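Residue numbers are given in UniProt numbering: position 253 of the sequence shown equals residue 253, and the series is strictly consecutive. Have a look at the structure below, then the notes.
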Amino acid sequence: MHPGLRSLQMRGGGLGVSALGRSLFSPTPVLETTREIGRRAFKKDGRPPWVVKGGQSRFASTSKPQGAKHAKLPPQRPPRLSTTASRPNLKDQGQEAGPKRRLPLSAGRNMVLILGTIPLAILFNPFGQTTLEAEAPRKQSEEEGEESGNRGLRTIRLEEVKGHGAGSGKPWVTRGTKVYDITDWVEGHPGGEVILRAAGGSVDPYYVIWKIFSIHQKKDVYDILESYLIGIVDPRDLTNGAMPEESIEDPFSQDPSRDNALHTHSSRPCNAETPSCQLTTFITPNNIFYVRNHMWVPTPPAQAKLEIELSDGEEVSFSLRDLKEKFPQHTITSTLQCSGNRRSHMTDATTHTSGLQWTVGAIGTATWTGPLLRDVLEKSGMNISRPPSSAKHVQFTGHEAYGASVPIEKALNPYGDVILAHSMNNEPIPKDHGSPLRVIVPGHVAARSVKWLKKITVSDEESTSQWQRRDYKCFGPNESGKEDWGAAKSIQEMPVNSAVTSISEMEGKGTVVKGWAYSGGGREIVRVDVSVDDGKSWDQACIGCVNEDKDANGQPANKHWAWKQWHYTIPTPNGNKDGREKKDGTKRIIAVKATDEAYNTQPEHFDPIYNVRGNLAAAWHRVPFEGGKTEVGFKP
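Here it is, written out as structure tokens:
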């Protein structure tokens with residue numbers, strides 16, 4: 001299939017052959033010539049197909065669907081190399097492309113805009129497979145600015161590339177010894193800020209980041225860069241034909257050091273879980289709190305301000321000092337848990353799941369201090385008692401370009417306790433956990449508690465980021481390979497879950513089993529059941545007592561944002577009550593399940609809740625036990 005046609009299939013569907021030679025805004029043919037050209041191009045000649053928009057005939061291509069209310073459409077640029085998908089630019093030739101037409105937001109989400117630009121939004125579509133076929137550059141001349149062969153490329157000095165940094169308005173990057181102008185990408189596509197970090201230098205270190213964006217892609221995302229090729233690095237700036245090492249910035253160079261006790265799943269970006277044996281205290285120390293980073297750890301400018309944009313377009317900003325001194329400060333105790341916690345258990349019990357194979361340690365509890373989000377929004381000019389109808393979601397954006405959102409009802413709920421935290425466990429928030437400012441959304445998946453907070457936007461739609469639209473969602477057990485990301489709801493509140501964290505034999509005192517139990521939405525854990533024979537019989541663990549006003553951990557009784565620690569003592573060897581192997585050789589399986597105040601409980605098996613992303617792995621936790629001290633969890 002022609003790449004131009006393949007590109008029409010992205011974002012949950014496409015226009016198909018029937019659209020070729022027709023107007024995007026009318027199902028009827030508008031020009032016989034373009035219709036014939038369009039169909040013939042696809043069926044016979046292999047030439048780029050045509051469509052009609054605004055009275056103008058254009059090559060079929062794609063661009064980012066209009067998403068956010070204030071999203072910019074990418075400008076048109078002439079093609080700079082020969083590819084299988086042409087990119088004509090009528091505007092640059094002095095012609096108008098027809099009257100501008102604002103599409104409804106709903107239309108922007110569901111249709112592909114045919115604007116004659118290369119479909120770089122596919123980087124943020126996990127199932128996109130469009131690539132461009134670009135010829136490799138021929139041997140280049142050493143004369144600066146001289147055209148190279150029949151390609152029309154010129155050689156460019158690195159000093160000139162450096163002049164096209166993030167603030168230049170015309171950002172360039174290098175990949176290998178090639179130079180690319182990424183202006184259109186940054187202006188017109190989600191995640192533009194990610195690649196902007198590389199502007200003026202090499203994009204090669206960011207490959208690991210793009211693999212994360214395109215976790216399900218079957219094609220190399222770098223192929224897409226070829227449509228932006230403008231030249232090659234001057235050989236005089238190369239070392240043995242390659243880019244000098246000192247010219248390549250490492251985006252992870254400013255990452256903080258981490259505690260050696262953490263169990264690392266990936267180092268660039270860092271993703272590491274707390275050892276299970278250190279999850280037995282109510283408060284998780286900062287240094288061993290699990291780390292979940294999607295990209296590098298940014299270093300926001302010292303004088304950076306938090307930007308607030310309301311649904312009517314009004315914008316204000318607050319410094320960190322403003323947030324500390326001009327608003328009442330609130331301290332909450334809240335558990336944060338990754339949606340993929342216990343994913344490895346689902347994988348082991350079923351089949352392949354996509355994502356980091358966390359065990360039981362992608363969870364932790366801390367005290368967080370800062371102003372309430374609702375207070376900050378009110379100070380910004382929003383009527384929080386009667387918000388406008390256009391205010392349906394609150395979007396959060398981090399300094400490294402990560403984005404997420406929560407419904408307005410959660411953000412403004414006076415009992416929702418959403419805060420802009422500057423303190424974690426009575427200390428400034430560490431770099432790995434969001435310094436200097438992190439939004440904390442208690443009771444929700446940790447993916448919504450955006451770190452290194454840069455901007456808050458009140459909008460009529462969810463965040464348009466990769467992580468809100470194409471990640472952190474669940475599908476049916478049968479939907480592998482045919483997921484409808486647009487139809488699936490984003491994960492918000494977490495389900496009830498529990499896990500065993502340690503098993504220790506105490507001489508003469510039996511075997512002590514410890515663990516955690518947690519439910520989202522502020523729902524209290526009311527019971528933890530433990531079995532030492534894989535569910536044939538049960539007993540209840542001790543989770544502490546509660547009084548009328550406070551729970552066992554001192555939290556207000558009507559808001560339970562934190563986990564419960566529990567323990568259970570298995571008596572000394574006594575037939576079926578013994579957690580160890582019986583004399584007949586049958587291995588004992590310790591199983592645990594929790595129940596919350598709404599009487600939600602965990603399913604017995606993973607099969608009914610299997611999803612290809614491995615999210616919300618909340619079946620019973622089963623642990624084989626044969627005596628001695630057992631550390632449960634990560635196995636390198």
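Just so it is clear, CB atoms sit at the ideal spot from N, CA and C, and this is done for glycine as well. Treat the numbers as computed from the prediction; the structure is a model and nothing was measured.
Which residue marks the beginning of the alpha helix (DSSP H) containing residue i, and which one marks its end?
{"i": "L229", "result": "It is not in any alpha helix (DSSP H) - L229 instead sits in the beta strand (DSSP E) that spans 229-233."}
{"i": "T347", "result": "343-349"}
{"i": "K324", "result": "320-325"}
{"i": "R374", "result": "373-379"}
{"i": "L412", "result": "408-412"}
Mapping DSSP to helix, strand and coil, what is residue i?
{"i": "I543", "result": "coil"}
{"i": "N286", "result": "helix"}
{"i": "C277", "result": "helix"}
{"i": "R527", "result": "strand"}
{"i": "D484", "result": "coil"}
{"i": "R101", "result": "For R101, the predicted structure reports a pLDDT of 40, less than 50, and the residue's modelled location is therefore unreliable. The matter cannot be settled from this model."}
{"i": "H433", "result": "helix"}
{"i": "E133", "result": "Residue placement at E133 is flagged as unreliable, the pLDDT there being 31, under the threshold of 50; a coordinate-derived value is accordingly withheld."}
{"i": "Y180", "result": "strand"}
{"i": "L336", "result": "strand"}
{"i": "P428", "result": "strand"}
{"i": "K536", "result": "coil"}
{"i": "R438", "result": "strand"}
{"i": "E226", "result": "helix"}
{"i": "R175", "result": "strand"}
{"i": "I384", "result": "coil"}
{"i": "I570", "result": "strand"}
{"i": "S247", "result": "helix"}
{"i": "A618", "result": "coil"}
{"i": "K473", "result": "strand"}
{"i": "P65", "result": "Below a pLDDT of 50, predicted positions are generally treated as unreliable, and P65, at 40, falls in that range; the measurement from the model is reported next regardless. In this structure, P65 counts as coil in the three-state DSSP scheme."}
{"i": "V632", "result": "coil"}
Can residue i and residue j be called in contact, C-beta distance under 9 Å?
{"i": "N240", "j": "A366", "result": "no"}
{"i": "A404", "j": "S334", "result": "no"}
{"i": "L453", "j": "G398", "result": "yes"}
{"i": "I525", "j": "T595", "result": "yes"}
{"i": "R342", "j": "H164", "result": "no"}
{"i": "P235", "j": "T155", "result": "yes"}
{"i": "A199", "j": "V179", "result": "no"}
{"i": "A401", "j": "E193", "result": "yes"}
{"i": "T501", "j": "K514", "result": "yes"}
{"i": "F282", "j": "W563", "result": "yes"}
{"i": "Q329", "j": "S344", "result": "no"}
{"i": "V458", "j": "I503", "result": "no"}
{"i": "E493", "j": "V445", "result": "yes"}
{"i": "F475", "j": "V439", "result": "no"}
{"i": "G443", "j": "G416", "result": "yes"}
{"i": "L597", "j": "H567", "result": "In the sequence as displayed, the identity of residue 597 is Glu instead of Leu. No, the pair does not count as a contact, with Cβ atoms beyond the cut-off."}
{"i": "I456", "j": "E309", "result": "yes"}
{"i": "V592", "j": "A499", "result": "yes"}
{"i": "S247", "j": "D259", "result": "no"}
Following the continuous beta strand (DSSP E) through residue i, name the residue where it begins and the one where it ends.
{"i": "W467", "result": "Note, W467: premise wrong, no beta strand (DSSP E); alpha helix (DSSP H) at 466-469."}
{"i": "E505", "result": "497-506"}
{"i": "V418", "result": "Counting along the chain, V418 falls outside any beta strand (DSSP E), and DSSP gives it neither H nor E."}
{"i": "I156", "result": "153-156"}
{"i": "V450", "result": "Neither: V450 is in no beta strand (DSSP E) and is coded neither H nor E."}
{"i": "S267", "result": "263-267"}
{"i": "W368", "result": "363-370"}
{"i": "P624", "result": "621-625"}
Looking at the strands, I want to know which residues DSSP matches up with residue i.
{"i": "Q565", "result": "W516"}
{"i": "F396", "result": "A404, I456"}
{"i": "E307", "result": "S317, K455"}
{"i": "N271", "result": "S266, R292"}
{"i": "I589", "result": "P624"}
{"i": "A594", "result": "V528"}
{"i": "G510", "result": "M506"}
{"i": "H444", "result": "E493"}
Quick test of your reading: residue i and residue j, contact by CB under 8 Å. State the CB separation rounded to the nearest angstrom.
{"i": "P603", "j": "A617", "result": "The pair is not a contact, with the Cβ atoms about 10 Å apart (cut-off 8 Å)."}
{"i": "L420", "j": "L377", "result": "No, L420 and L377 are not in contact; Cβ-Cβ is about 10 Å, not under 8 Å."}
{"i": "V467", "j": "M424", "result": "A small correction: the amino acid at residue 467 is Trp; Val does not occupy that position in the sequence shown. Rounded, the Cβ-Cβ distance is 22 Å, inconsistent with contact."}
{"i": "Q337", "j": "Y610", "result": "Not really, about 19 Å apart at Cβ, beyond 8 Å."}
{"i": "N615", "j": "S339", "result": "5 Å"}
{"i": "T280", "j": "Q565", "result": "7 Å"}
{"i": "V441", "j": "K410", "result": "7 Å"}
Say whether chain B places a C-beta atom closer than 9 Å to the C-beta of residue i.
{"i": "D484", "result": "Judged by its chain identifiers, the structure shown contains no chain B, having just a single protein chain."}
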